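Read through the structure below, which is laid out as structure tokens, and then see the notes.
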Amino acid sequence: MKKHTVISLVGLCLIASLMLAACGGAATPQVVKETQIVRETQIVKETQIVKEQVVVTPTPGPDPEAMIEGVEPNAEVALWTFWLSPTFDDYIKSTIARFEEAYPGVKVNWEDHQATFQDDLRNSFAAGNAPDVINLSVGEGWVSEYATKGLLLNLDDQVPQSVKDLYFPGLWQQQLVDGQNYQFPWYQGISVELINTKIYVEQAGLKVEDFPKTVEGLPALCKTIKEKTGTLCDIRLTVNDLLAQMVYEGDVKVISDDGTQFTFDSPEGAAWLQLYVDMVRDGTVDKSALTTTDDRVGLELFTSGKAAFYQTGPNLIREVRANNPGLYGYLAVVPAPVGKSGVVGKGLMGISVKADTQFPMASIALAQFFTNPRSMLEFSKIVAIYPSTPASYEDPFFAAKPVAIEDSAKPVAKDIVSKYADIVPTIPKKADVNEIVRQAVEAALFNNVPAQQALTEAVNKANALIGQ
Amino acid sequence: MAQARTITNPALAVRTRARSQISEKIFWYLLLCLLSFVTILPFLWIFLTAFKGPNDAVYSTPPQLIPRDPTLANFVRVWNQLPIGRFFLNSITVAVCTTGFNVLVTSLAAYPLAKMKFPGREAIFYLLLATLIVPAQLTYIPSFILAVNVFHYYDSLPALILPNISSVFNIFLLRQAFKTVPNDLIDAAKMDGASELRLWWDVLLPVVRPSLATVAIFTFVNSWNDFFWPSLMLHTREQMTLPVGLAALQGMFTSDFRGVAAGVTMTVIPILLFFIALQRQFIRGLAGAVKG
Amino acid sequence: MLTQPSPQAGEGRGSPRPLVTKKFSLTPYLFLTPALLVTVVFILYPIVAVVFYSFTEYDIVTPPKWVGLKNYQQLAQDPTFWRALKNSFIYLIATPTLIALSILLAIIVNRNLRGIHVFRALYYIPAVSGSIAIGITWRWLFDVNGGLVNGFLVPLGLLTEPVQWLAEPAYILPIAILLTVWAGVGYYAVIFLAGLQNIPEELYDAALIDGCNNFQKHWYISLPGLRPQIVFVAVISSLAALKVFDEIYILTNRTGGILDSGVTMVFYLWRQAFRLTHAGYASAIAIVLLVITLVFSMMNVRLLERGVEAD
């Protein structure tokens, strides 16, 4: 009798979940309301097949957006984007649809990954089924990470000069590995400080205009804020690319010119680290935000209304708005402090192609399509990101006066983006060296190891590593 | 075996005992409730957070437990973004298949080890014993490579089922059970001309049914909650099982407390209901598994 | 086809003596084949493979490169490895804690109150909820802003300001251990409950007559009577403590904690193999884990034997 109960219960569960899944599946397909229905396209959203109907206005002659020649017929390429779903599903899908019109016969399978993007990508490279076209964060150093392992396609050889000229030169030449470029510059961010005026102005009595223009000014600011309001500073180290942060913020020369000896234990390096050590020691900074690998953790702290300011891009103001509408009314935006290097920043996102893709030209075409002026202009219109192509800025959209706080950087965007430069040298065995540096930084921050000593030990370890 | 006790005033003794019995009962109930509170509180909090509307504070001191603006919107949001129904289906498929095959294979293997005599029996027995010591995590790297290069079932459910078709722990458990079957039963069946397979199926299995139930429930719950190996194997959203999907959900909705709470609630409630339904069997089977 | 009647036919039930068969038959081997096949492919081959990989440098994408004992030498000098080892051993504190608390809980629920089944089921809930759901729940409990722990301790005045529990190197392991204990008490209590119910009532009656109080009653009767269960739980939970991964993964959001304070052996293995793509190095860690587990199990077996002899 009891066995029957068990079996019938399991059976019920099975049936119930089948029904659930069926209902769940039925809820997903969306029909985009378009006027002219000419063709149906298959687009994969989160690896589910969604049929969407697309408008196609027939143009005489070749599609001006189809700039890459030699695209393989009937190619099928996989695309991974980083944390763009669900917010930008429509944009991605419509861009893919336009791409498939420009290059008939090519099929695109799209997946978006979020917090586990890196883990998923590494695993898929290991398994041999990595995506052909990958959205990588230049800001976090991912392009050089994979390029130094030989996993990405060298774009300098394969892409014609006319296409290269579409982009800001500083952006095409960022995160070079051995002098070669491995990414199409995609959407750019502008580092701004989001300020919670309730804490900053009302409680701490500070003025928004007086926000420090340089990184050196931060420790004093955090002290003031802690004294007057009791809140901690929400500052984040790019734990995945600490050497790059050292270069931009501290103007540190991290490796010798011939690339054989690490040199980040210089006085400048120690000074940079000491800045953060002091803040931790003074108890003015939030420790878990400081060392988290996840940018969203720092944002979360700010969104919850517990931090006076947070450095990020205006595009993430939408997250604040969604999760804490009350805070949105109290936001102010100022440019982010500049590091000692004087270089305002480097690029944010890029799109790369994997080295052993079966369809190199189709993959390059897709990467180029997403990063062409029109695609990026459309993206800029729906969220506060900025194109990597000068041509986009000629659109009246960028000349229009900013209305919402998200748009405040628009007028100066082109100027800032054009000045982005990659001043970080190629680092051999980057992931392992970064791990060594991370441990040294944490030891100095939290374990009372003197900054200079921690860095020197790290330099020795790193040199031993690349000496082999 | 009651022994005689000296009782002075029988009536008084009865009344005192009754009164102390009631206060004793109250004491125990209070204690039990307190312990339940400790056990349940974290889940209760998550459960309530899942229903909080956008106007209910999620971060506040002191924490606001009961939502004043209850809504189902969080569940809808999470359901639309992640194929939770798919996660369920996958978990059920994997758990049911794993359990089914596992019980079959291990009960097949346990029979000869318990009741038959053949060359190599001791050697095989100790070999299996030795593998009990091996931590599963040790095998993940080669298994990963095996899955990808040899079997080519990376990112699919068979990757989760096949390695778990046999479990040495279950073999031992069932071996214990088979050993307690009286030989007369087996002799009788053999005299009737039954083949070993027939014997195993018709005679032995029904006798050890409680142990089979134990093994089945054990395997089911372990398979349901398994995280490490599935997280290595599955990366496309619609292939994920519940624990992996839940971790992905947490990654996707980092800043969205209510959404994550809704997701956790949706994944925990069904297994809770399943467990409560089968609770008696489970506890009995688990207890019976470890007799001296 | 009569089998030879065994000379002790009719011996008591549950006789463990196997049947005597005359002719050699393939049947036993056939019965064992599926299980053995799986064991060979998924356990024995990986062990051999891991031993091999531990002597190589291997990033899974390119073929392995033989390096001899280098990985082991590097391990010996790797401070993170020693920390992971230390953390795994510290985690063993969970085992006696679990045993003590579970026995306590079993004693509490071992009475015939109405509705006791409901309580028993309630205490079991953490055990079936899965480590990820529990991990996420606990991450929030200890969240510095929205967590219940700070939410209660601060207004009560026990804390002056919210503590960043999960960012303090010293707190990560204790919180993880607490999680494991909380999740495991119900599970092991059931085993002890059955054990308690197997202890003859007469023993307790005799103790009452002899004037024992409750504590003595349990110390002198329940505990010895529960020995087989205690050994079983000790073995299982200590092996699980050495292999802990899921809790650390979720509580530290895949980082292992500040200063690697939460890194355990298996977590370090995962990080080396799948984040830093050093599969060879990770294999060396795995072999060390295997040796430790082996030693532990042998010690446990010896304990078991001694316990059986004492009975």
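Protein chains in written order, with the numbering used here: chain E, 21 to 488; chain V, 178 to 469; chain C, -17 to 293.
All residues carry an ideal CB built from backbone N, CA and C; glycine is no exception.
Because the structure is a prediction, the values reported are computed rather than measured.
Using beta-carbon positions only, say whether residue i and residue j come within less than 8 Å of one another.
i: C:L155; j: C:G238; result: no
i: E:L214; j: E:I88; result: no
i: V:T418; j: V:V271; result: yes
i: E:D176; j: E:N201; result: yes
i: V:P231; j: C:L123; result: no
i: E:L173; j: E:A375; result: yes
i: V:A250; j: V:K356; result: no
i: E:Q485; j: E:D452; result: Looking at the sequence provided, one finds Leu at residue 485 of chain E rather than Gln. In this structure, E:D452 lies closer than 8 Å to E:L485 by Cβ.
i: V:A438; j: V:I223; result: yes
i: C:T79; j: C:S220; result: no
i: E:A135; j: V:G428; result: yes
i: E:G370; j: E:V158; result: yes
i: V:W401; j: V:S268; result: yes
i: E:P431; j: E:A411; result: no
i: E:E85; j: E:A122; result: yes
i: C:A264; j: V:I348; result: no
i: C:A223; j: C:L74; result: yes
Go through its chain and collect everything with a Cβ distance to residue i's Cβ below 6 Å, but skip five positions before and after it.
i: E:I154; result: W100, S372
i: E:V51; result: Here the model assigns E:V51 a pLDDT of 41, short of 50, so the residue's position is not dependable, and the following value carries that caveat. Nothing listed; no residue qualifies.
i: E:A95; result: V126, F379, A382
i: V:R263; result: E415
i: V:A227; result: N251, A438, A439, T442
i: V:L309; result: V345
Could you round the C-beta distance between residue i and residue j to whole angstroms and report it? I think they count as a contact, below 8 Å.
i: V:S343; j: V:T283; result: 6 Å
i: E:Q193; j: E:I405; result: With a Cβ gap of about 20 Å, E:Q193 and E:I405 do not count as contacting.
i: C:A66; j: C:M247; result: 5 Å
i: E:Y413; j: E:P422; result: With a Cβ gap of about 14 Å, E:Y413 and E:P422 do not count as contacting.
i: E:Y111; j: E:F399; result: 6 Å
i: C:F13; j: V:A286; result: 6 Å
i: E:N343; j: E:T312; result: Their Cβ separation, rounded to whole angstroms, is 17 Å, which puts E:N343 and E:T312 out of contact at 8 Å.
i: E:E165; j: E:K450; result: 6 Å
i: V:H412; j: E:N143; result: 6 Å
Among the residues of its own chain, which have a CB less than 8 Å from the CB of residue i, if the five just before and after it don't count?
i: E:C43; result: Residue placement at E:C43 is flagged as unreliable, the pLDDT there being 37, under the threshold of 50; a coordinate-derived value is accordingly withheld.
i: V:L455; result: I394
i: E:A328; result: I215, N216, I219, Y220, A224, I245, T249, T251, C253, D254
i: C:I157; result: W120, F124, W147, L148, L233
i: V:Q458; result: A390, I394
i: V:V380; result: L362, I363, A366, A371
i: E:V354; result: V212, E213, I215, V228, E229, F231
i: C:V91; result: I98, F101, R102, Y105, A171, L175
i: E:D298; result: P239
i: V:Q198; result: none
i: V:P447; result: F265
i: E:K53; result: Bear in mind that a pLDDT of 41 at E:K53, under 50, signals an unreliable position, so the number given afterwards is only what the model happens to contain. Taken in chain order, the list of residues that qualify is empty.
Given that residue i touches chain D, what residues does it touch there, using C-beta distances under 8 Å?
i: E:T107; result: As a matter of chain content, chain D is missing from the structure shown, whose protein chains are E, V and C.
Please work out which residues of its chain come closer than 7 Å, Cβ to Cβ, to residue i, disregarding the five sequence neighbours upstream and downstream, and give them in chain order.
i: E:A47; result: Residue placement at E:A47 is flagged as unreliable, the pLDDT there being 37, under the threshold of 50; a coordinate-derived value is accordingly withheld.
i: V:N341; result: T275, N279, S400
i: E:Q473; result: none
*Indicate whether the contact test is met: 3 or more Cβ pairs, each with one atom in the segment 470 to 483 of chain E and one in the segment 285 to 298 of chain E, closer than 8 Å.*
For the pair of segments examined, the segment 470 to 483 of chain E was found to touch the segment 285 to 298 of chain E: the number of CB pairs separated by less than 8 Å reaches three.
*Whole alpha helix (DSSP H) elements within the segment 252 to 294 of chain E, 4-residue minimum*: Complete alpha helix (DSSP H) runs here, min 4: 262 to 270.
*Is the segment 167 to 186 of chain C close to the segment 80 to 88 of chain C, with three or more CB pairs under 8 Å?*
With the cut-off at 8 Å, the segment 167 to 186 of chain C and the segment 80 to 88 of chain C touch.
*Determine contact between the segment 197 to 214 of chain C and the segment 242 to 262 of chain V, defined as no fewer than three beta-carbon pairs at a distance below 8 Å.*
Contact between the segment 197 to 214 of chain C and the segment 242 to 262 of chain V is absent, because fewer than three Cβ pairs lie under 8 Å.
*Along the chain, which unbroken stretches of the alpha helix (DSSP H) at least 4 residues long are found entirely within the segment 119 to 201 of chain E?*
Fully enclosed alpha helix (DSSP H) runs of 4 or longer: 137 to 147, 162 to 168, 175 to 178, 181 to 184, 189 to 192.
*Every unbroken alpha helix (DSSP H) within the segment 11 to 82 of chain C, with a cutoff of 4 residues, ordered by chain*: Correct list: 27 to 35, 52 to 58, 61 to 72.
*Of all the alpha helix (DSSP H) runs that stay within the bounds of the segment 81 to 120 of chain C, which reach a length of 4 or more residues?*
Counting whole runs of 4 or more residues, the segment 81 to 120 of chain C contains the alpha helix (DSSP H) stretches 98 to 110.
*Which whole runs of the alpha helix (DSSP H) in the segment 427 to 472 of chain E are 4 residues long or more, in chain order?*
For the segment 427 to 472 of chain E, whole alpha helix (DSSP H) runs of length 4 or above, ordered along the chain, are 430 to 438, 450 to 466.
*asked:* Pairs of beta-carbons, one from the segment 266 to 274 of chain C and one from the segment 89 to 105 of chain C, closer than 8 Å: are there three or more?
replied: By the Cβ criterion, the segment 266 to 274 of chain C is not in contact with the segment 89 to 105 of chain C, since fewer than three pairs of Cβ atoms, one from each stretch, lie closer than 8 Å.
_Just to confirm the assignment: which complete beta strand (DSSP E) runs, minimum length 3, are found wholly within the segment 332 to 381 of chain E?_
As far as the segment 332 to 381 of chain E is concerned, its whole beta strand (DSSP E) runs of at least 3 residues are 351 to 355, 369 to 373.
*Please go through the segment 253 to 306 of chain V and give each complete alpha helix (DSSP H) segment of 4 or more residues, from N-terminal end onward.*
For the segment 253 to 306 of chain V, whole alpha helix (DSSP H) runs of length 4 or above, ordered along the chain, are 261 to 292.
_With a threshold of 8 Å, are at least 3 pairs of Cβ atoms found where one atom belongs to the segment 40 to 48 of chain C and the other to the segment 440 to 450 of chain E?_
Not touching, per the Cβ criterion.
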